[in-house]
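Below is one structure, written out as structure tokens; the observations come after it.
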Amino acid sequence: MRICRESRDMSGQMEVTRFAPSPNGPLHLGHALSAIVAHDLAAARGGRFVLRIEDLDPVRSRAEYAAQARADLAWLGLGWHEVAPQSARHAAYAAAAARLGDEGLLYPCACSRSEIAAVATASGPEGPIYPGSCKERALAPEAPVAWRLDVAEAMRRTGPLTWHDELAGEQDADPALFGDVVLVPKEAPAAYHLAVVLDDAADGVTCVTRGADLFAASHVHRLLQALLDLPVPRWHHHPLVLGPDGDKLAKTRGSPSLAARRAAGEDGTALAQRLRKGDLPAGFSLGVP
Ligand code: GLU
Numbered sequence: 325m326r327i328c329r330e331s332r333d334m335s336g337q338m339e340v341t342r343f344a345p346s347p348n349g350p351l352h353l354g355h356a357l358s359a360i361v362a363h364d365l366a367a368a369r370g371g372r373f374v375l376r377i378e379d380l381d382p383v384r385s386r387a388e389y390a391a392q393a394r395a396d397l398a399w400l401g402l403g404w405h406e407v408a409p410q411s412a413r414h415a416a417y418a419a420a421a422a423r424l425g426d427e428g429l430l431y432p433c434a435c436s437r438s439e440i441a442a443v444a445t446a447s448g449p450e451g452p453i454y455p456g457s458c459k460e461r462a463l464a465p466e467a468p469v470a471w472r473l474d475v476a477e478a479m480r481r482t483g484p485l486t487w488h489d490e491l492a493g494e495q496d497a498d499p500a501l502f503g504d505v506v507l508v509p510k511e512a513p514a515a516y517h518l519a520v521v522l523d524d525a526a527d528g529v530t531c532v533t534r535g536a537d538l539f540a541a542s543h544v545h546r547l548l549q550a551l552l553d554l555p556v557p558r559w560h561h562h563p564l565v566l567g568p569d570g571d572k573l574a575k576t577r578g579s580p581s582l583a584a585r586r587a588a589g590e591d592g593t594a595l596a597q598r599l600r601k602g603d604l605p606a607g608f609s610l611g612v613p
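Under the working numbering, think of the first position of the sequence shown as 325, with each following residue one higher.
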């Protein structure tokens, strides 16, 4: 007999959580915590834990890092359902961008990062806030452009929005924090903000679990969900694993990888148990930088 452990709430909805690593480097302790939080929330609620490989960036994504991520999850003792990677979803991104464009909510921008840094007068969660320089000017037809969301117009159409974080409570959406975000970059099929809301909806994610470093991004995601008529999940932004310097771990700063721990013969399920209890290896702590 097959025992089905998945269950649904009173509305008939099953909890679906996800872990969505970008395969552009080896995973570290912070990723392990993220995966464990998402996995355990789904397990406690009789739901499903989904793995989605976020290989949106064609230049930095590597199949070997995706394979390593799967091996890391197995080593930590987690089971998962894998869904389509972002590289298989370009058509959905293009359709959503076309819809927003047809609705007059996107405008082209030819600025480089350095041009924006030179003219910006304010800074947001992703760096200098774009002051809208290209909004009113005519661009050379051959100039490569990114497509930005006209956030003020978008918010005028949706009206005030709220979203709910299971740890931080009810939030008033404030997407203007980021300025007019890029939804389609010059050289990729979609930007993170657009891809992730489409993917979470397509995967039936009911609770978006991820680190608190992405808390502010949820303001933008809530706006995009409203514009694209997508279901609105709950969010669960958990504290981050901080390194000895008190800063969040980063693939690029050479944080010790899970693969290296695995190769050194460390017991992954024992490590997972320690992380569940907030008992971190020496030098690491939990917090929000
Ligand atoms: N792909 C992102 C990362 O690896 C995570 C995005 C998310 O959880 O929304 O940092």
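We put the CB at the ideal spot given by N, CA and C, even for glycine.
Bear in mind that the values here come from a model prediction, so they are computed numbers and not experimental data.
Select from the options the residue whose C-alpha is nearest the C-alpha of residue i.
i      : options                        : result
Gln410 : Ala519, Pro605, Ala540         : Ala519
Arg472 : Leu501, Pro509, Ala464         : Pro509
Ala476 : Glu490, Pro455, Gly493         : Pro455
Val505 : Ile377, His560, Asp474, Ala415 : Asp474
Glu330 : Leu380, Asn348, Asp603, Leu365 : Leu365
Ala416 : Cys531, Leu402, Leu380         : Leu380
Ser385 : Pro347, Val556, Arg413         : Pro347
Pro449 : Glu378, Phe502, Gln549, Gly336 : Phe502
Gln597 : His363, Gln495, Met334, Leu507 : His363
Val532 : His405, Asp569, Asp489, Asp333 : Asp489
Arg376 : Pro580, His405, Pro432         : His405
Glu378 : His414, Ala367, Leu357, Gln549 : His414
Gly370 : Arg332, Asp569, Leu507         : Arg332
His545 : Thr593, Leu507, Arg342         : Leu507
Could you give the DSSP three-state label for residue i: helix, strand or coil?
i      : result
Tyr454 : coil
Ser311 : Any question about residue 311 goes unanswered here, given that the chain covers just 325 to 613.
Arg372 : strand
Arg332 : strand
Gly611 : strand
Leu353 : helix
Leu430 : strand
Gln337 : coil
Ala359 : helix
Ala519 : helix
Cys435 : coil
Ala444 : coil
Asp524 : helix
Using the C-alpha atoms, what's the distance from residue j back to residue i?
i      : j      : result
Glu388 : Ala588 : 19 Å
Pro605 : Leu430 : 46 Å
Phe608 : Asp571 : 10 Å
Val612 : Gly567 : 11 Å
Gln392 : Pro465 : 43 Å
His562 : Phe539 : 9 Å
Cys458 : Ala470 : 10 Å
Leu610 : His352 : 14 Å
Met338 : His543 : 24 Å
Val407 : Ala584 : 26 Å
Trp487 : Gly493 : 8 Å
Leu595 : Ser436 : 43 Å
Val361 : His355 : 10 Å
Ala478 : Asp591 : 49 Å
Leu551 : Leu424 : 8 Å
Pro350 : Glu460 : 43 Å
Arg372 : Ala512 : 30 Å
Ala419 : Asp426 : 10 Å
Gly642 : Gly602 : Any question about residue 642 goes unanswered here, given that the chain covers just 325 to 613.
Ala574 : Ala398 : 22 Å
Gly428 : Ser447 : 26 Å
Met334 : Leu402 : 27 Å
Arg394 : Glu439 : 40 Å
Ala367 : Arg342 : 12 Å
Leu617 : Arg480 : Nothing about residue 617 can be read from this structure; the chain reaches only from 325 to 613.
Asp569 : Thr593 : 26 Å
Please state whether the Cβ-Cβ distance between residue i and residue j is less than 8 Å.
i      : j      : result
Ala541 : His517 : yes
Pro452 : Ala462 : no
Arg586 : Asp396 : yes
Leu400 : Ala344 : no
Leu564 : Gly535 : yes
Leu554 : Thr482 : no
Leu485 : His560 : no
Ala514 : Ala421 : yes
His537 : Val374 : With the sequence shown as reference, residue 537 is identified as Asp, and His is not the correct amino acid for it. Not a contact, by the Cβ cut-off of 8 Å.
Ala434 : Ala467 : yes
Val383 : Val529 : no
Pro557 : Asp524 : yes
Val521 : Gln549 : yes
Problem set entry | Those runs of the beta strand (DSSP E) which lie wholly inside the stretch 448-514 and span at least 3 residues | You should have 470-473, 486-489, 493-496, 506-508.
Exercise. Along the chain, which unbroken stretches of the alpha helix (DSSP H) at least 4 residues long are found entirely within the stretch 526-600?
Worked result: If one requires a minimum length of 4 residues, the alpha helix (DSSP H) runs lying completely within the stretch 526-600 are 541-551, 582-587, 592-600, in chain order.
Exercise. Which full runs of the alpha helix (DSSP H) of 4+ residues lie inside the stretch 362-428, going along the chain?
Worked result: Counting whole runs of 4 or more residues, the stretch 362-428 contains the alpha helix (DSSP H) stretches 387-399, 414-426.
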